[in-house]
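Okay, so here's the structure we're looking at.
Residue numbers (our numbering): 10 to 516.
Below, the structure is given as structure tokens:
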């Protein structure tokens, strides 16, 4: 089978009818979003009764969905606490795990030494045998002299603390690459393969590769837990392994809007861990090095490499690939700036980059046309989940908090004289009140996930950690729906994003 289609990033990589077909697929997500938004406006004006009924039904559906997901959140929280308490090394005694190597990639751009060294200290604190760890610092040449100095200092201080350490400078402006994590990690992994793995003759099937962000700090038993799931899996080389990202590194220093967005991201990943059939790799993750070799490493010509690697493997193995939820955390940085406007701007850019994962939808459409081995039912399931997920991301908050009032505003005198017009705001308000009660549960879980309070933080900070959840309606719209709409509109209009690296701040 011709597998060249696996590395397609956009219609610009194709020619002839395939180029036009892929371009059509790129238009679909944004079109659905704008048809939804404009459709509600139009029908609120022309047929306000039908629009009002739709909005009430949608609100009820949203409440049911929220309750359903909150159950998953609670279950995963309990599961994660259980996994943190397990002695994973004793669990591994039933396996031959002394042959398993951990290959850890730490991609770096312009982050300062403090941020990078704290992540390396966390690696040193992990309980996995260090002699079977290969750690690669993958730093960007475009990061300049400051990045080079940090890399040299990290190498000096940590090269002897692991079985093997490699510092790799990723050259800038290589042909066929988009500057970003995917290109950097692919280059570094290939270097490590040649200079360490192949020289030592380590079998690829005995290596688990973890592609972390530079701020990722694994909990002490992460690699032991990962190894257990890898060895216990019936198909370890046809699986990726997903931890729960908890943005705790600097959560006490982060402002309220940053904490809400960071914790909301954690909650979403926790809920998805309880729905593994819908789970897609995100941010820091692990997989078999053998699978990574089979699929040709991460794509160098796109932004969403963290989720795309899953779909690369899914197509490469004809649908026989999955994500295994670990229900075990890694700690990362909450995103914020020096003031409110800088914080808002940085969170917006981060959410826009994450929502650029919508580029996987045309990739799946095209890949499913090329791959005839995957069943129609499986193709439909994955396509529907991806389309529905990104559509919900860009539209649901707007429908609930903004567009839901349009029938009374645009319906005219005849509609406003009806009983439905009088009751619509009341019904909507009651439904939203019920839904917002779920925020109390979120507040409770979020405080339980917090690390110990630093000495310089007052006890009263806990109050703000609870009250911050009142910001959710605003963050869902301004920092959720709007950046998602921008990403989908850019894809629709052929205005691609460039990779934006989230700055790391520690006060």
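For each residue, glycine too, the CB sits at the ideal point set by N, CA and C.
Nothing here was measured: the structure is a model prediction, and the numbers come from that model.
Assigned exposure category for residue 166 - 16 Cβ within 10 Å defines buried: Label assigned to residue 166: exposed.
For residue 199, the nearest candidate out of 60, 27, 235 and 303 (CA to CA): It is 303.
Chain-order list of residues whose beta-carbon lies under 8 Å from that of residue 70 (same chain, five-residue window excluded): Once the five neighbours on either side are set aside, residue 70 has no close Cβ partner at all.
Simplified DSSP state of residue 146, which is helix, strand or coil: The answer is strand: DSSP assigns residue 146 an E or B state.
8 Å Cβ cutoff, residue 216 in contact with chain D: The chain labelled as chain D is not found in the depicted structure, where only one protein chain is given.
Nearest-angstrom Cβ-Cβ length linking residue 332 and residue 290, presumed shorter than 8 Å: Residue 290 and residue 332 do touch by the CB rule: their CB atoms are close to 6 Å apart, below 8 Å.
Whole-Å CB distance - residue 292 paired with residue 315, under 8 Å assumed: The C-beta separation of residue 292 from residue 315 comes to about 6 Å, placing the pair in contact by the 8 Å criterion.
Any non-hydrogen atom of the ligand SAM within 7 Å of residue 343 CB: Because no ligand of any kind appears in the structure shown, any question about the ligand SAM cannot be addressed here.
Buried versus exposed, by CB contacts within 10 Å (16 or more), residue 203: Label assigned to residue 203: exposed.
Close-in-space but distant-in-sequence residues of the same chain around residue 23 (CB under 6 Å, 5 per side omitted): If we look at residue 23 and ignore the five residues flanking it on each side, its Cβ neighbours are 31.
Pick from 311, 133, 492 and 271 that is closest to residue 229, judged by C-alpha positions: Nearest neighbour of residue 229 by Cα position, chosen from 311, 133, 492 and 271, turns out to be 133.
Start-end ranges of the alpha helix (DSSP H) lying completely within the region 135-190, minimum 4 residues: For the region 135-190, whole alpha helix (DSSP H) runs of length 4 or above, ordered along the chain, are 153-167.
Among 474, 379, 452 and 403, the one whose alpha carbon lies nearest that of residue 83: Of the listed residues, the one whose Cα sits closest to residue 83 is 452.
Rounded C-alpha distance that separates residue 374 from residue 34: Straight-line Cα distance between these residues: approximately 7 Å.
Residue 311 vs residue 351 beta-carbon contact at 8 Å: No, they are not a contact pair.
CA-to-CA distance, residue 238 to residue 370, given in whole angstroms: So the two alpha carbons sit approximately 29 Å from each other.
Residue 131 versus 158, 89, 423 and 340, residue with shortest Cα-Cα distance: Residue 131 has its Cα closest to that of 340, out of 158, 89, 423 and 340.
Identified DSSP bridge partners for residue 114: Within the DSSP bridge table, the entry for residue 114 names 145 and 220 as partners.
Three-state secondary structure (DSSP) of residue 335: In the three-state DSSP reduction, residue 335 falls in the strand class (E or B).
Cβ pair count under 8 Å reaching 3, the region 469-485 against the region 260-271: Between the region 469-485 and the region 260-271 there are three or more inter-stretch CB-CB distances shorter than 8 Å, so the stretches are counted as touching.
Under 8 Å between C-beta atoms of residue 124 and residue 219: In this structure, residue 219 does not lie closer than 8 Å to residue 124 by Cβ.
Proximity to residue 492 [Cα-Cα], best of 446, 403 and 425: Nearest option by C-alpha distance: 403.
Meets three-Cβ-pair contact criterion under 8 Å: the region 376-385 and the region 460-478: Counting C-beta pairs with one atom in each stretch, the region 376-385 and the region 460-478 have fewer than three that are closer than 8 Å, which means they do not touch.
Residue 294 - partner residues in DSSP beta bridges: Its beta-bridge partners are 220.
Terminal residues of the beta strand (DSSP E) in which residue 253 lies: Its beta strand (DSSP E) spans residues 248-255.
Touch test, the region 142-154 against the region 250-263, Cβ-Cβ under 8 Å, three pairs minimum: Proximity of the region 142-154 to the region 250-263 falls short of the contact definition, fewer than three beta-carbon pairs being nearer than 8 Å.
Residue range of the unbroken alpha helix (DSSP H) whose run includes residue 379: Annotation for residue 379: the continuous alpha helix (DSSP H) segment containing it runs 369-379.
DSSP bridge partner residues for residue 227 (one or two, in chain order): Answer by DSSP bridge pairing, in chain order: 339.
Separation of residue 424 from residue 417, as counted between CA atoms: Rounded to the nearest angstrom, the two C-alpha atoms are 7 Å apart.
Spatially closest choice to residue 51 from 512, 99, 511 and 415, by CA coordinates: The shortest CA-to-CA distance from residue 51 to any of 512, 99, 511 and 415 is the one to 415.
Simplified DSSP assignment, three categories, for residue 327: In the structure shown, residue 327 adopts coil according to DSSP, grouped into three states.
Residue 172 versus 126, 15, 143 and 58, residue with shortest Cα-Cα distance: Comparing Cα positions, the closest option is 143.
Contacts around residue 42, its chain only, beta-carbon distance under 7 Å, and the 5 residues preceding and following it disregarded: Around residue 42: 400, 403, 404, 494 and 497.
Whole-angstrom distance between residue 234 and residue 135, CA atom to CA atom: Those two C-alpha atoms are separated by around 11 Å.
Test item: CB-CB of residue 249 and residue 178 under 8 Å: Cβ atoms of residue 249 and residue 178: not closer than 8 Å.
Where residue 550 falls: helix, strand or coil (DSSP): Residue 550 is absent from the model: the chain starts at 10 and stops at 516.
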